[in-house]
Every structure is written in structure tokens, then in C-alpha cells.
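Peer 1: Under the numbering used here, residues 276 to 632 are what the sequence shown spells out, in order. Note that beta-carbon positions come from the ideal geometry of N, C-alpha and C, so glycine has one too.
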Amino acid sequence: MTDRIVFVIPDMPGGGTERVVALLANEYCRRGIGVTILLFAGNERAYPLREGIEVVCVGNPSGGSIRERLGRIGRMRRFYREHKGCQIWAFSVMGAVFSAVAAFGQRHFVLVSERNDPNKYEHPKIRNLSYRLADVVVCQTKDAVESFPGAIRRKAAVVPNPLALKDVSPYEGKREARIVAVGRLSAQKNHRLLLEAFVAFARKHEAYVLELYGKGELEEDLKKLAQSLGIGERVRFLGFCDNVQEKIRKAGMYVLSSDYEGISNSMLEAMALGMPVIATDCPIGGSRMYIKDGINGLLVPVGDAGALSAAMDRLAEDPAYGERLGREAAKLKEELAVSKIGDRFLALSGKEEVYYA
Numbered sequence: 276m277t278d279r280i281v282f283v284i285p286d287m288p289g290g291g292t293e294r295v296v297a298l299l300a301n302e303y304c305r306r307g308i309g310v311t312i313l314l315f316a317g318n319e320r321a322y323p324l325r326e327g328i329e330v331v332c333v334g335n336p337s338g339g340s341i342r343e344r345l346g347r348i349g350r351m352r353r354f355y356r357e358h359k360g361c362q363i364w365a366f367s368v369m370g371a372v373f374s375a376v377a378a379f380g381q382r383h384f385v386l387v388s389e390r391n392d393p394n395k396y397e398h399p400k401i402r403n404l405s406y407r408l409a410d411v412v413v414c415q416t417k418d419a420v421e422s423f424p425g426a427i428r429r430k431a432a433v434v435p436n437p438l439a440l441k442d443v444s445p446y447e448g449k450r451e452a453r454i455v456a457v458g459r460l461s462a463q464k465n466h467r468l469l470l471e472a473f474v475a476f477a478r479k480h481e482a483y484v485l486e487l488y489g490k491g492e493l494e495e496d497l498k499k500l501a502q503s504l505g506i507g508e509r510v511r512f513l514g515f516c517d518n519v520q521e522k523i524r525k526a527g528m529y530v531l532s533s534d535y536e537g538i539s540n541s542m543l544e545a546m547a548l549g550m551p552v553i554a555t556d557c558p559i560g561g562s563r564m565y566i567k568d569g570i571n572g573l574l575v576p577v578g579d580a581g582a583l584s585a586a587m588d589r590l591a592e593d594p595a596y597g598e599r600l601g602r603e604a605a606k607l608k609e610e611l612a613v614s615k616i617g618d619r620f621l622a623l624s625g626k627e628e629v630y631y632a
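1. Do you know how far the Cα of G327 is from the Cα of A456?
2. Assuming the contact rule is C-beta atoms closer than 8 Å, M550 and A526 should be a hit. Round their C-beta distance to whole Å, please.
3. Do V519 and L298 come within 7 Å of each other at the CB atom, strictly closer than that value?
4. When the Cα atoms are used, what is the spatial distance from Y535 to R390?
5. Considering only the alpha carbon of each residue, which of H383, G458, K359, R352 lies closest to F512?
6. Should A321 and D286 be called a contact, given that it needs their Cβ atoms to be closer than 7 Å?
7. What number of angstroms, rounded off, separates the C-alpha of V411 from the C-alpha of K498?
8. Please list the terminal residues of the continuous alpha helix (DSSP H) segment that includes A300.
9. Taking the alpha carbon of A409 as the point to measure from, which residue in R524, K430, R599 has its own alpha carbon closest?
10. Excluding five sequence neighbours on each side, which residues of the same chain lie with their C-beta closer than 6 Å to the C-beta of L487?
11. Quick one: residues in its chain with C-beta nearer than 6 Å to the C-beta of R232, no 5 flanking neighbours on either side, listed in chain order?
12. Is the beta carbon of G491 less than 7 Å from the beta carbon of S539?
13. Could you have a look at M542 and say whether DSSP puts it in helix, strand or coil?
14. On the criterion of 16 or more Cβ atoms from any shown chain inside 10 Å, does H398 qualify as buried, or is it exposed?
15. Given a cut-off of 7 Å, decide if L583 and A432 are closer than it, judged by their beta-carbon atoms.
16. Just verifying my parser: in three-state terms, what is the DSSP assignment at G349?
17. My output table needs one value for S503: the three-state DSSP class, helix, strand or coil.
18. Taking 7 Å as the cut-off, decide whether the C-beta atoms of V387 and Y406 are in contact.
19. Return the chain-ordered list of same chain residues with a C-beta closer than 8 Å to the C-beta of V443, the five sequence neighbours on each side being excluded.
20. How about A501 and L470: are their beta carbons less than 7 Å apart?
21. For E329, which three-state DSSP category applies?
22. Report the start-end ranges of each alpha helix (DSSP H) in the stretch 377-443 that is 4 residues or longer and not cut off at the edges.
23. Based on Cα-Cα distance, which residue from D556, I506, I341, V413 lies nearest to V530?
Have a look at this one:
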């Protein structure tokens, strides 16, 4: 069977990793490369995929069930055996672990893409064992590479996330009195910090509202917190939105309040849209890798509500300054085009001559 790329992820609900996989899969399919997305813990598909992309589901959420996990590994092993020429591109830690077991004794090129802060993973020994068995480990920042033992660092490469802004262009005009944030409503993203910063900001800027795009396990807790802080009427929880770029492009500013990140896709998209962006300077360095503080965005310390509120004040009180930041940030659009990032992944695979034949 001809070579194909098999992306391995748990599921495809709305999220940064899933969006990257969808972008790369669509780009490779457009080029005539065989693409499969192998899902091992569900069968959602939040992002559109080109006709011709094969989606295979080999398992459901395990809920801790050993039987479910073993069944999933068995089905993965059959799939890999039937697709002897495929390359395995695991875009999750558990995808790398399950694939290492499922493909044991078979010959496959294996690429692992580390999507978050390696220091936050609960079982590093298991992860590192599976990463050592991979041919290439792709990280999003140099800090992430340095988090791993030497055996993994020696096979690591840094490749950023791709961007695809569809037909959405940077907005030119007076910006609306909205602060927007896009991301899963989880502890990592620290929306609590953003709500606390907005309290002080809102007292000075009565026209502004805060819009949170995304779903997650903390949604109800955050709604209650907004009410208890007295800002419930000015905070909007807007859920997952597949055209979020169009929804946010006219907003006054974008804020990333995370405690840690790989690289935030939504932050990069906001920058490429020419929006004024504020981000926490969080591990593993994804924000400072792209934001030059005071030139194309603003960086604030992790967990510092006062500093975040002050940065928001600065942009609200000096729109011309925000526009200058946005114009510089928009230059990322070409640098991170999905075609260029797709080329960089292919170069690591060692199969360019096959794919471009």
C-alpha cells in the first residue's frame, strides 16, 4: 500500500490541537497525499475536512477501563498492520503511547508532536519511553525541547503551529468595546485571572464587555464567579464557534491569560488578524516566542491580575497604540502559513520525494 500520513489523536472536538490536525490534513489532502485521522477516544468532528480524508475511530473514552484500552490498542495494531507503508504522526501523548504498543515489531516512521508544556504531564516516564521509540519529536518551542532528557532532545525539532485565516482580513476601523478570549474553559487557561482583572478594568471603562469563546468543565464555576464579582452582566459565555475569527476581528483586544501553553493557536490567529493582543508570559515560552513586548503585543506575568488589568487599560485608553501593535502582529500571517508549516513537517518525515512525486 502506498505511503500515507496517519494523524493519531483522541478525538476532534473544538480545540487547538484538533484545529492544527485539521489544517495539516486538509493541506496534505489538497496536495494529493493520502491522509487518515485515527481517533481513539471518540468520534466528534468540529472542524471541516476535505473529501478524501479518511477518518477511523478505534475506541471510545475509556473511563479508566483496561478492557477498553486494550481493545483500542488491538484495533490500532490491526490498522497499522493493514497499512504497512503508513507514517504514524501522534498529536497527543497517549496517542504516542498507544501507537508505540500497537505498532511494536512493525516498521513505521513515527513522528510525535508535543502539544503542551512537557513539565505538566503526570506520567513522564511512560511518555518519555514512547517518545524514545519515535523517529522525530516535534516541539513548539525551544523551552519545550529543553524539558526532555538528552535522548529525546537529540531527535527533537521545533515547528510552530500553522495558521489559516480563511477569507478573514485584518479589520481597519474603530474597534468595538469588547475584550475577547478564545480557549477551553479549563484550569490551564486561567479565565479566573481574566475575570479578576476585568473587575478593576470595568470600573474605568463602562462600555466594555468581556466575551469568552469556548467550552469546558469550568464553565458553570466561571459564570458563578462572574456573578459574585459583580460583572455577570458584562461577561458573555459564547461557547464553541467555528467562525470565531470573523466574530472577534473587530474587538478592542484579545487576551490570553493561561498559566502554561504550548503555543496558543487562538493567540496567533488574533495576532495575524491584526488585533491588539495581551498574553501571559507563560511556560513553555510560546507567547514570548512571537510577542515582542511593546512592539507587536503586550506580555504580562503569569497570575498577575493587576498587571493584566493595567495592560488592558493601556490599550483601551490609547487605541492608536493598539493599532500599531496590531499592524506589526499581522506580519505573522505569511510566516505561519499552513503551506509553509506543512512543508516543515514533511521535511522531518524523510518522505518528501514520495509526497511530491
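Peer 2: Taking the geometry as given:
1. 34 Å
2. 7 Å
3. no
4. 11 Å
5. G458
6. no
7. 42 Å
8. 291-305
9. K430
10. A456, F512
11. Since the first residue shown for the chain is 276 and the last is 632, residue 232 is missing from the structure and cannot be characterised.
12. Contact flag unset, no.
13. DSSP places M542 in helix when its eight states are reduced to three.
14. exposed
15. no
16. helix
17. helix
18. yes
19. Q520, E521, R524, L548
20. yes
21. strand
22. 399-407, 417-421, 425-428
23. Looking at the Cα atoms, D556 is the closest of the given residues.
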